Amino acid sequence: MKHEKAKKFGMVIDLDKCTGCGSCMVACMAENNVPFREDETDKLLSVAWMRVYKLTNGKPFPDADICYLPRPCQHCEGHHGHSPCVSVCPATATDYDTRTGIVSQIYARCFGCRYCMAACPYHVRLFNWYDPVWPDGMEQSLNPDVSVRMRGVVEKCSFCIQRYQMAKDRAYMEGREDIEEEDYQTACTQACPADAITFGDLNNPHHKVHQLARPDHRNGGKPRAKNLFRLLERLGTNPKVYYKSSREWVRNLGDNHDAIQEKA
Amino acid sequence: MDTALIPKGVKRCPLPQFLAGLGAAHVVLLWGVFAMLLCWLKGLNQTNMNNAYGFAMWIWADRAVIALGGGAFFTGFLRYIVGKDKLKYIINYAVLIGFICYSSALLILAIDIGQPLRGWFIFWHANVHSMLTEVAFCLTAYFFVLCVEYLPLVLENRQIDKVPFFHNLTHNMHEIMAVFAATGAFLSFFHQGSLGGVAGVLFGRPFGFREHILIWPFTFFLFTWSAAACGPCFTILITKITEAIARKKLVKDDVIELLAKISGWMMLTYIIAKTIDTIYWAVVTAPSKGLALSHFYTNNALYGYWILILEVVICGWVPALILITDKGRKNQFTLWLAVILAVIGVSLNRWVMVLQVLAVPVMPFIKWVLYFPSWQEVATTILPVAYGVILIMISYRYLPIFPQEAELNPLEPPALPEDEPEAGEEAAQEAEVQEDQKTGEGDLQPAEA
Amino acid sequence: MKIDRRSFLSFTIGGAAGTALSPLPWKLTDDMAIWTQMWPWTPVPEKGEVTYVKSACTLCPGGCGISVRKVDDRIVKIEGLKGHPVNDGSLCILGLAGAQLLYGPRRVKAPMKKINGKFREVSWEQALDEISKTLADLRSKGEPHTVACIADSDRGTVPELLNRFLRVYGSRNFIRTPSIQDSYELTLNLMQGVRAMAGFDVNNADYVLSFGSGILDGWGSPVHMFKAHSLWREHGGKLIQIEPRLSSTAAKSDSWIPINPGTEGTLALGIAHVMIKESLYDNDFIDNYSTGFHEWKRHIIDGYNPEIVGKVTGVAPSTIVGLASSFARARKPLAVCGRGKGLTPGSLKEFMAVHTLNAMVGNIGKEGGIWAVPEPEYIEWPELEMDQTASIGTQQHRADGAGSSLYPQARYLLNRLPETMNASSTYKLIQVLFVAGANPVYSMPGSADIKEAFEKIPLVVSFSSYMDETAQMADLILPNHTFLERYEDVPAAAGYNRPVINLARPVVEPRFNTMHTGDVIIRLARALGGTIAKALPWESYEACLEEMMGDRWDTLVEEGYWTNTDFAAPQWSEAFETASGKFEFVNKEISSLARYSPVKPEGDEAAYPLILIPFDTMRLWNGYIGDPQFVIKSVPDTVLKKNDVLVEVNPATAKSIGLRDGAYAVLSTPKGKARVKVHFYEGVMPGLVALPRGLGHSAYENNLAGKGINFNELVGPFDDAATGHDAAWGIRAKLAKA
Ligand SMILES: Nc1nc2c(c(=O)[nH]1)N[C@H]1C(S)=C(S)[C@@H](COP(=O)(O)OP(=O)(O)OC[C@H]3O[C@@H](n4cnc5c(=O)[nH]c(N)nc54)[C@H](O)[C@@H]3O)O[C@H]1N2
Ligand SMILES: Nc1nc2c(c(=O)[nH]1)N[C@H]1C(S)=C(S)[C@@H](COP(=O)(O)OP(=O)(O)OC[C@H]3O[C@@H](n4cnc5c(=O)[nH]c(N)nc54)[C@H](O)[C@@H]3O)O[C@H]1N2
Ligand code: SF4
Ligand code: SF4
Ligand code: SF4
Ligand code: SF4
Ligand code: SF4
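Taken in order, these protein sequences are the chains called A, B and C.
Position 210 (the first sequence) corresponds to 209 in numbering that gives the first Met the number 0; numbering is contiguous.
Position 348 (the second sequence) corresponds to 347 in numbering that gives the first Met the number 0; numbering is contiguous.
Position 592 (the third sequence) corresponds to 591 in numbering that gives the first Met the number 0; numbering is contiguous.
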């Protein structure tokens, strides 16, 4: 088999387009067999791989402004694949795949120590505090490509890894060497009615995501494109989810600035 | 009734009173066990932990208890490696306290993990990059060391010791105890450090994150150092409390003072390092992440600057300065004060390095998350305390823990039965003397003899 | 037997070593890893053959095409249909959760009859028998006009079948649930002389002036609107949102213009005033294709100068001038109205005011403008042959008063029904009511009155697939298949500017003992016999549908939808079917309507110093379908916390009442009272209280039932003087410490 170039799957989320509608959240839940309980209003106990945050500019009426920020797993690369969460897992239940850049989560391996949750600054990792229960009949809509998680393990957005596997299988069956951009798209990207999410290989200059973000791989993947930013850039988590906003206050909320005098 | 089991040359309270005390401790223990079973059967939804607080009271209790149990390895290190021979008079108790602390820590971990039946994955699928892996291996290994160190003590029980096999075993184990002590000290340096590393490596959590020295974050060394410094304080404190409850002296002052002095200097060096660390973190590390010091101590209902001052100044500098002075160590009030402050200080340090790490918002658009433990968490955290009390009660009663006890408390002739009604209940118990006590055996040899 | 220490010890140690070396502990350890993954109660979805079925979402009027992923016979995921003109592969939050409606516990599994207040399962034969007997009875008594039907749409074969059945039976009481469609239809009818739906060429518009329309909160065809908004972002199109609250739409707009609620129409006329003054209008259109402009102009010049309008609306005069200028100078401007998701018809005159803005810039039927989309013409059934009873019955007034001398313009006035019915306690206005695809008991303002009216109806028959609030009040439930189990044509997508027909099809076999509502109607007709049976002669609903679709059937089955790509709005010379053949700013009918004035909120200002307004969001559905599990899960905790709803209040307003963020409060209006929590929101105008619509269900699963409060319980309908439609946009309210 020909040695193929390592991929680096990532996203650009256009916050100017995102309307906060929540389609991405539900698409993800449906695709990935995310459980639900009768009361999901305590968001700190709720499992949702994609979470849409509502940002405010802090100004009073009528200068108030809000912006929605969808937050999947950032699939941090850290330095050389040392994502904040991967390096800490004592049981190797989560992994940074250098061939895809995807941070995986192995439910059957995880023993629920939650160290990875402590490590992730984006609150991406969620613990199954409860047994998953589907009301009688509702288990019928479970997707067999994604295993149902048991109580007591951590889970998170996987960039819909099963779709990548299926795309590869399909390509293989069809005798293709590699998958095309449209072969592998995440459920949230596909569902977004605002087309706010762009997904693809950040290493591939032909992919839209690369063109939008123009990541500077020699500089920790920092975006070169105007108005693009990543969350908590200064931590060195090196995320693969880029955000775009034409509003300065939104871009400013992407990182902490308390101790830094920004150059005008 | 159980007099045959009680070490020679010492007196103990009457069995009914002992059993009553034991019973009380068991009630607390059972409450904890009930909570523990709830957590195992119903899952961790029994706690008030949540997705923001993946670590909470238990992990704090773990870290604190291991730091406090640090008296075992450090006293062992001083006794066997450094050669502070005098410490043999307190080493047994240090080992016992360490044993309790470490077994408690392991128990709490077994409750804390979401999939207890998979707990062994941490060994089987070990990830060498993870601080927790290091913790798990060293902790478990050290626990076995503690067992080995505790075992001869158990075997020295008067009845067990009568068995020649055990007698010889004990003797042989004492011969090689230095090897175990050295191993234990080595292991402890690592797992205490790794526990510090747990928060220190979290480069996504600027409150916990510390820069590296070699491959370890600075907290790695601070944790080992603080455990070595404060662990013995806890040993002293528990000894003092035991003495207060038993109403007699069990360890001679010079032994305590020696340990306190070493502890004091350890604390002083620790707190200097900690102060430098804090300043460096506040001035260099955190700002490099865009965060000013105020970010960590304002805009919330609990974590204010007071916590930093309390930990570093009041519970760090103050006890260190007390314990390095001769006067401070000799004065019972200041000695008590110092060891209590040191214990609070190290526990507080473990608290902030676990909970404040998670409480501080990192993304600019989220808020602080505060947490209050559920009763199940409290009960399971008190469980080890009850268990510790039980183990101490039994060990103290039946094992020769304090080699100096008989010497310090020579036995009086048996009291006349007629005196009993006149004396207060406790006085009567104090007065009761073991039937088979012989004056000549008052000078009991230390356990390691 | 004597066991000495030595042998005991060797036995113990040997035993321990033996056990450790045996396979037992290793096996147990290994098993443990497996046990922990497969607790018997953790479901294990079965693998199987994966197929995709093209179908249609019917959950809202959005008209999206869907692609349903199946694994063997199970539906595991609903996705958007790629290439579909409305939603091209994307889907809204509700559509994505559609499978939960199929498999969830809210299903009605068999025909049900209420006996002594409790539902009992009955056979289809028994249920149909009972209804046809009652219907035959009423006819023999000469009271066929006391039968009515409420449906969520009047288009497509199922609503048409219901309507046809009713007519030939002898009743005109087919009632469509209200929405802005009512007002837009009337506007187009009065000003352009056409019977059409309003379509908006949003993809090509480059300056959208929205008078409170929740373009990104579920207005029109939600997914289509979202996509258009993204196009504006890419091509520099502008969105101006005029609304008292910073909604998602306002937040995404280029300019948010807070306005005193209810005065949107005034602002539209103020903008018109400036456009007239500054001659900022399309001369060609005004001069050659319109009439009445000069008459109308005088009225606008007199009454709506920016100072006056500024005072009423709270919008600065300079802003009004600026809006007029940028709207008129844009290449493809478009003005739209209908608040929020567009559930309330609103004031007709307000719609006409906004429509005149479109007319002045000449965007009627133009690229990026507002189009009159003809009603689907595929349902061509032979003229009805009516018997005597039916003829007499259909000469009676409609029960809701639509088309009466009081409200000649209105086609349907569901909002008026409770008042009429509750006014008299003995007169049986409606004796049998069918409800199809609607949940009026929940979704109509003035819930208490609706319930009272429903209780008066001797036989309420619900066709709902779900145990919703209306079904709970019914005497008989004849559950329809869900949209994933049945054929149905979905003609048109709300607000879409081209004709499109989607075909919903049975993606899976019906799971329960349900029956297609179309088949129920056909069977009822057959049972009643005579002209009624003759009017609905089909073997089955499916046969009827296939016949109606004719040539389109194959395309529909193949593609999942049919659209007329050649469709173009007619030239201005042909577009208007008014008496003058032109666009009419003023005509006899328009002049006969009451003059425009802002609708005042109900209630006394002294007793109720604040104003309660509802707001809509994509995450809360308040039509026929209530949030399924995934959707309610997406609702943030600033809207719903446990069972408490949070009302948005400006911090300044809240503080003046002494309410803290998160505090409990009692919200009261002239219609009702509720316990709420306060959420500080700088995005809501001081003096207002904003409450989300879509909560406060008493039906459905515990995920939704009992959570929050229903806005409709706190508000009543307010009749538009011109049409009788509900024009209420809010109500006076009071917020007090709890
Ligand atoms: N979320 C989730 N996690 C799981 C599982 C699951 O079902 N769900 N299943 C678990 C199971 S059963 C297994 S076996 C493991 C598998 O886990 P892994 O062994 O981690 O499997 P992969 O991620 O498929 O592949 C590992 C790495 O090998 C690289 N690779 C591919 N081909 C070659 C090659 O020829 N040479 C080299 N050197 N590298 C190559 C891949 O790009 C990838 O980086 O995953 C476990 N983890
Ligand atoms: N495309 C692609 N295919 C692969 C691989 C890949 O990387 N890519 N990896 C291959 C490898 S290494 C492996 S091991 C296989 C794994 O393939 P599978 O064995 O199919 O793995 P899963 O998807 O993890 O699990 C399948 C189902 O088993 C359920 N399940 C969990 N526990 C139990 C149980 O105790 N009993 C039963 N009956 N069901 C249970 C889960 O909920 C899930 O729905 O996939 C192989 N196939
Ligand atoms: S689906 Fe798209 S528009 Fe909706 S919240 Fe998610 S990213 Fe935003
Ligand atoms: S976002 Fe969190 S969970 Fe995802 S890779 Fe980064 S640290 Fe890990
Ligand atoms: S919770 Fe699971 S994935 Fe996370 S660190 Fe622990 S074992 Fe690893
Ligand atoms: S990429 Fe897949 S797993 Fe991640 S949030 Fe989107 S849908 Fe969910
Ligand atoms: S917008 Fe309406 S039609 Fe489209 S998917 Fe959503 S509910 Fe269905």
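Even glycine gets a Cβ: it sits at the ideal position worked out from N, Cα and C.
These numbers come from a predicted model, not from an experiment.
Residue i to residue j span [Cα, whole Å]
i              : j              : result
residue 347(C) : residue 153(C) : 20 angstroms
residue 313(B) : residue 228(A) : 43 angstroms
residue 127(C) : residue 523(C) : 7 angstroms
residue 189(A) : residue 70(A)  : 16 angstroms
residue 170(C) : residue 416(C) : 15 angstroms
residue 44(A)  : residue 325(C) : 48 angstroms
residue 598(C) : residue 606(C) : 19 angstroms
residue 63(C)  : residue 136(B) : 57 angstroms
residue 556(C) : residue 443(C) : 36 angstroms
residue 421(B) : residue 340(B) : Low confidence applies here, because residue 421(B) scores a pLDDT of 45, under 50, leaving its location unreliable and the question unanswered by this model.
residue 61(A)  : residue 682(C) : 7 angstroms
Beta carbon proximity, residue i to chain C, threshold 8 angstroms
i              : result
residue 79(A)  : no
residue 172(A) : no
residue 120(A) : no
residue 133(A) : yes
residue 91(A)  : no
residue 197(A) : no
residue 117(B) : yes
Short CB-CB distance (under 8 angstroms) between residue i and chain A
i              : result
residue 286(C) : no
residue 6(B)   : no
residue 96(C)  : yes
residue 418(B) : Since pLDDT at residue 418(B) reaches only 48, below the 50 mark, its modelled position is unreliable, and no value is offered.
residue 56(C)  : no
Short CB-CB distance (under 8 angstroms) between residue i and chain B
i             : result
residue 95(A) : no
Q.
Please identify, using Cβ separations under 7 angstroms, the residues of the region 445-459 of chain C that lie next to chain A, in order along the chain.
A. none
Q: Pair every Cβ in the region 187-200 of chain B with every Cβ in the region 145-165 of chain B, then say whether three or more of these pairs are closer than 8 angstroms.
A: Taking a cut-off of 8 angstroms on C-beta distances, the region 187-200 of chain B does not touch the region 145-165 of chain B, as fewer than three cross pairs fall below it.
Q.
Counting only Cβ-Cβ distances shorter than 7 angstroms, please list the residues of the region 102-117 of chain C near chain A, keeping chain order.
A. 102, 103 and 104
Q) Touching or not, the region 286-302 of chain C and the region 581-595 of chain C, by the rule of three or more beta carbon pairs under 8 angstroms? A) yes
Q) Counting Cβ pairs, one atom from each stretch, are 3 or more of them under 8 angstroms apart for the region 204-215 of chain C and the region 248-257 of chain C? A) yes
Q | Interfacial residues, the region 38-54 of chain B to chain A, with Cβ spacing under 7 angstroms | A | 42, 43, 44, 49, 50, 51, 53 and 54
(Q) Within 8 angstroms, do at least three Cβ pairs link the region 116-135 of chain B to the region 32-46 of chain C? (A) As far as the Cβ criterion goes, the region 32-46 of chain C touches the region 116-135 of chain B, which means the pair count is three or higher.
Q) Using a beta-carbon distance cut-off of less than 8 angstroms, what residues from the region 24-48 of chain C approach chain B? A) 28, 31, 32, 34 and 35
Q: Identify each residue in the region 147-160 of chain A for which the Cβ-Cβ distance to at least one residue of chain B is less than 8 angstroms, and report them in chain order.
A: For the region 147-160 of chain A, which is checked against every Cβ of chain B, the residues closer than 8 angstroms are 149, 150, 151, 152 and 153.
**Q.** Residues from the region 151-184 of chain B in contact with chain C, defined by Cβ distance under 8 angstroms
**A.** 162 and 164
Q) Should the region 106-126 of chain A be called in touch with the region 165-178 of chain A, which here means at least 3 C-beta pairs below 8 angstroms? A) Counting Cβ pairs under 8 angstroms, fewer than three are found: no touch.
Q: Decide if the region 84-97 of chain C is in contact with the region 617-629 of chain C; the criterion is three or more beta carbon pairs, one per stretch, under 8 angstroms apart.
A: yes
Q: For the region 333-352 of chain C and the region 264-276 of chain C, state whether three or more C-beta atom pairs, one from each stretch, are separated by less than 8 angstroms.
A: Touching, per the Cβ criterion.
Q: Could you say if the region 271-287 of chain B and the region 310-329 of chain B meet the contact criterion of at least three C-beta pairs nearer than 8 angstroms?
A: yes
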